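Engineer: First the structure, then my questions, so here it is.
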Amino acid sequence: MMRMIHLMNAQDVGELAMIKSLLDGNRITYVVHGEHVSSLYPGMPFVGSRVMVDAADHARAEVLLGRLRLSIRDTAP
């Protein structure tokens, strides 16, 4: 049985899409808590989604997210 632990909270749908794509592309199993809460109540701003990963993949997921953050920072105007 997998033990899921907190990886990070996504602040908007764009960030969540990037995180999910990164994890999918690296075959890291994840669960997103609160992903569709905002769609339940029209007009409600995005409610941060909690991204959980298998404990065995947590360190690798952290490294990948760190690389993504560096890549975004390096290409920002």
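Here our numbering is used: the first residue of the sequence shown is -3, the next is one more, and so on.
Heads up, the beta-carbon is just placed ideally off N, CA and C, and yes, glycines get one too.
Predicted model only: the values in this text are computed from it and were never measured.
#1: Alpha carbons only, please: which of H29, G30, R63, T25 is nearest the one belonging to A52?
#2: Can you grab the Cα-Cα spacing for the pair L19 / A57, in whole Å?
#3: Within its chain, find whatever has a CB closer than 7 Å to the CB of H29; leave out the 5 residues flanking it on each side and keep chain order.
#4: Apart from the five residues on each side of it in sequence, which residues of its chain come closer than 8 Å, Cβ to Cβ, to L61?
#5: Might you give, ordered along the chain, the residues of its own chain that have their beta carbon closer than 6 Å to the beta carbon of R(-1), omitting 5 neighbours on each side?
#6: In its own chain, which residues sit with a C-beta less than 6 Å from the C-beta of I1, not counting the 5 before and 5 after it?
Structural biologist: According to the structure data:
#1: Cα-wise, what sits closest to A52 is T25.
#2: Roughly 7 Å between the two C-alpha positions.
#3: Spatial neighbours of H29 in its own chain (CB-CB distance under 7 Å, excluding positions within 5 residues in sequence) are listed in chain order as S45, R46, M48.
#4: Cβ within range, chain order: L3, M4, I15, L18.
#5: For R(-1), where only same-chain residues beyond five positions count, the Cβ hits under 6 Å are A51.
#6: Once the five neighbours on either side are set aside, the close Cβ partners of I1 are A51, H54.
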